[in-house]
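Right, one structure below, let's go through it.
Number of protein chains: 2
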Amino acid sequence: MSPSPFLTLALELARASIEAGGGPFGAVVVQGKRILGRGQNRVVSSRDPTAHAEIVAIRAAAAELGTHDLQGCEIFTSCEPCPMCLGAIYWARLARIHHACHRADAAAAGFDDQEFYAELARPPEERAIPLLVAERERGLEVFRAWLAKPDRRRY
Amino acid sequence: MSPSPFLTLALELARASIEAGGGPFGAVVVQGKRILGRGQNRVVSSRDPTAHAEIVAIRAAAAELGTHDLQGCEIFTSCEPCPMCLGAIYWARLARIHHACHRADAAAAGFDDQEFYAELARPPEERAIPLLVAERERGLEVFRAWLAKPDRRRY
Numbered sequence: 021m022s023p024s025p026f027l028t029l030a031l032e033l034a035r036a037s038i039e040a041g042g043g044p045f046g047a048v049v050v051q052g053k054r055i056l057g058r059g060q061n062r063v064v065s066s067r068d069p070t071a072h073a074e075i076v077a078i079r080a081a082a083a084e085l086g087t088h089d090l091q092g093c094e095i096f097t098s099c100e101p102c103p104m105c106l107g108a109i110y111w112a113r114l115a116r117i118h119h120a121c122h123r124a125d126a127a128a129a130g131f132d133d134q135e136f137y138a139e140l141a142r143p144p145e146e147r148a149i150p151l152l153v154a155e156r157e158r159g160l161e162v163f164r165a166w167l168a169k170p171d172r173r174r175y
Numbered sequence: 021m022s023p024s025p026f027l028t029l030a031l032e033l034a035r036a037s038i039e040a041g042g043g044p045f046g047a048v049v050v051q052g053k054r055i056l057g058r059g060q061n062r063v064v065s066s067r068d069p070t071a072h073a074e075i076v077a078i079r080a081a082a083a084e085l086g087t088h089d090l091q092g093c094e095i096f097t098s099c100e101p102c103p104m105c106l107g108a109i110y111w112a113r114l115a116r117i118h119h120a121c122h123r124a125d126a127a128a129a130g131f132d133d134q135e136f137y138a139e140l141a142r143p144p145e146e147r148a149i150p151l152l153v154a155e156r157e158r159g160l161e162v163f164r165a166w167l168a169k170p171d172r173r174r175y
């Protein structure tokens, strides 16, 4: 089977990102054969902890289509998405994920994706970052106000 | 115990977000007593599936400090963060999460946070969004290039 041109592009973006001072990750969001968004890791250079290749590509694709809903689109990424990016992929309603490396490969290259997957799998009270709960009743009031709004838009 | 002024602010941002056409979520990132970033859900209005309150607040805080590393900062949010936002909180190295509502409360209000937590807990081959793997060897070459770069910056 010949390599997908989109996965090849994601890998080229990853390699070019290293030269450009970014992390070694690249991603492309496509609709059929049309490229909607490209992304490279820009965490350090953009001073933005959320600027992973997949997030950048998803935001670019959403801007290109003018909607938050990327249903039916696919993402090609140089490495298995971290929990943040996988969550974004679910919210964007992408149809399929294509990736080259695995989370264990990223760990071997010094990245915490695998550790964060393990953290999310733990019960909240056993995690490294504590979750403290308060004011739930006032929070529920906000959701009630949301549900009472007739023109609310689901996403 | 009197309510935290930051959690109160997060809840006020959530309520105001509903009026402004956003989702019913608000968040604040603080360093000690200093507010670094505020966020409201802007998914529909910004046409950006990643524009959750916590992501918006983290990006604002990182811009304010001029770094991706928010170590020691805390986040106050109207609801338990979804997997995307929890991942972002780990990457940002926040020290503590304070929230009002739970993922089950968000589910009752029509949001998919709880379902996405369940998806991430499943083995990749059992998930609703398939992961297709190819070109791992070429992906590993990119990581080798990264590890060979003497001035690479971890994040």
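Heads up: the sequence lines are chains A and B, in that order.
The numbers in my numbering rise by one with no breaks, and the one at position 7 of the first sequence is 27.
The numbers in my numbering rise by one with no breaks, and the one at position 31 of the second sequence is 51.
All C-beta atoms, glycine included, are put in the ideal place defined by N, C-alpha and C.
Please name the residue or residues paired with HIS72(B) in a DSSP beta bridge.
None, per the DSSP bridge assignment.
Residues bridged to ILE95(B) (per DSSP) = VAL49(B), ILE117(B)
Neighbour flag for PHE136(B) against chain A, beta carbons, 7 Å: yes
Can you tell me which residues form a DSSP beta bridge with LEU151(A)?
ILE117(B)
Exercise for the section: Report yes if the C-beta distance between GLU94(B) and ARG116(B) is below 7 Å; otherwise report no. Expected result: yes
Subject >> alpha helix (DSSP H) segment containing LEU140(B), residue limits >> reply: 133-141
Mind checking if GLU94(A) is an interface residue toward chain B, Cβ cutoff 7 Å exclusive? no
Exercise. In terms of residues, what are the limits of the alpha helix (DSSP H) holding ARG54(B)?
Worked result: Segment 54-60 is the beta strand (DSSP E) holding ARG54(B); no alpha helix (DSSP H) there.
>> By the DSSP assignment, the alpha helix (DSSP H) with SER37(A) in it spans what residues?
In response: 25-39
Does DSSP classify GLU100(B) as helix, strand or coil?
coil
Is the CB-CB distance between ALA47(A) and ALA30(A) below 7 Å?
yes
Exercise for review: Can you grab the Cα-Cα spacing for the pair ILE78(B) / GLY59(B), in whole Å?
Suggested key: 8 Å
* Any C-beta of chain A under 7 Å from that of PRO103(B) -> yes
Have a look at PHE26(A), TYR137(A), THR97(A), ILE149(A) and flag the residue whose alpha-carbon is nearest the alpha-carbon of ILE191(B).
Nothing can be reported for residue 191(B), as the shown portion of chain B is limited to 21 through 175.
(Q) Tell me which residues of the region 161-175 of chain A have at least one Cβ-Cβ distance to chain B shorter than 7 Å, keeping chain order. (A) VAL162, PHE163, ALA165, TRP166, LEU167, LYS169, ARG173, ARG174, TYR175
request  = Report all residues from its chain with a CB closer than 8 Å to the CB of GLY41(B); omit the five preceding and five following residues, and keep chain order.
outcome  = VAL64, SER65
Spatial neighbours of ALA126(B) within its chain, please: C-beta separation below 6 Å, excluding the five flanking residues on both sides. CYS99, ASP133
Which one of ASP68(A), ALA80(A), ARG35(A) has the shortest CA to CA distance from VAL50(A)?
ALA80(A)
**Study point:** Own chain partners of GLY92(A) with C-beta closer than 6 Å, once the 5 adjacent residues on each side are dropped
**Key:** ALA115
* Asked: Beta carbon of ASN61(A), beta carbon of SER22(A): below 7 Å?
  -> no
- Task: Please list the partners that GLU139(A) has in chain B, where partner means a Cβ-to-Cβ separation under 8 Å.
- Result: TYR110
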